[in-house]
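Scroll down for the structure; my scribbles are underneath it.
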Amino acid sequence: MVNTIRQKAIVGKNGKIEISQSQFKEGASVEVIIVNHSVEMEDETTYLLKSEANKKQLLESIENVKQGNIVSINLEYYEKNNL
C-alpha cells in the first residue's frame with residue numbers, strides 16, 4: 049500500500065531537513081522527493097523568447113490569434129472516423 053504525505057520543511061544547519069510523521073514505522077523504507085522553491089523556474093514563454101527563430105514564430109502565432117486566424121479541431125470526430 050502506498051501512503052503519501054506532502055509537507056514543507058526548512059533546511060537547517062549543514063543541510064539537514066527534518067520531517068515529522070508518526071504514521072510511518074521506524075525502519076520503514078520511504079522515498080523522498082525534494083523541490084527547491086527558492087530556485088526560479090523559467091516559464092515556457094521566456095524560454096521560447098531566447099531564440100530569435102522561436103521568438104518570431106511565437107509572436108506571429110500570438111498575432112494570428114489576436115486577428116482570429118485560428119483553427120479548431122474536434123479530436124473526438126477524428127478519432128471516431130479514424131482520420
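First residue of the sequence shown? That's 49 in the working numbering, and the numbers climb one at a time after it. All residues carry an ideal CB built from backbone N, CA and C; glycine is no exception. All figures in this text were calculated on a predicted structure; none of them were measured in a lab.
Taking residue i and residue j to be in contact with their CB atoms under 8 Å, please state how far apart those CB atoms are, rounded to whole angstroms.
{"i": "residue 57", "j": "residue 67", "result": "6 Å"}
{"i": "residue 112", "j": "residue 121", "result": "Not quite, the Cβ-Cβ distance comes to about 15 Å (not below 8 Å), so this is no contact."}
For residue i, decide whether its Cβ has a neighbour in chain B, counting only Cβ atoms nearer than 8 Å.
{"i": "residue 97", "result": "No chain B is present in this structure, which holds just one protein chain."}
Residue range of the alpha helix (DSSP H) that residue i falls in?
{"i": "residue 113", "result": "100-114"}
{"i": "residue 127", "result": "123-128"}
{"i": "residue 94", "result": "92-97"}
Just to confirm, is the Cβ distance from residue i to residue j under 8 Å?
{"i": "residue 72", "j": "residue 80", "result": "no"}
{"i": "residue 65", "j": "residue 59", "result": "yes"}
{"i": "residue 97", "j": "residue 104", "result": "no"}
Residue i: which of the options sits nearest, CA to CA?
{"i": "residue 134", "options": "123, 100, 55 and 109", "result": "There is simply no residue 134 to check, as the chain begins at 49 and stops at 131 in what is shown."}
{"i": "residue 63", "options": "69, 74 and 82", "result": "82"}
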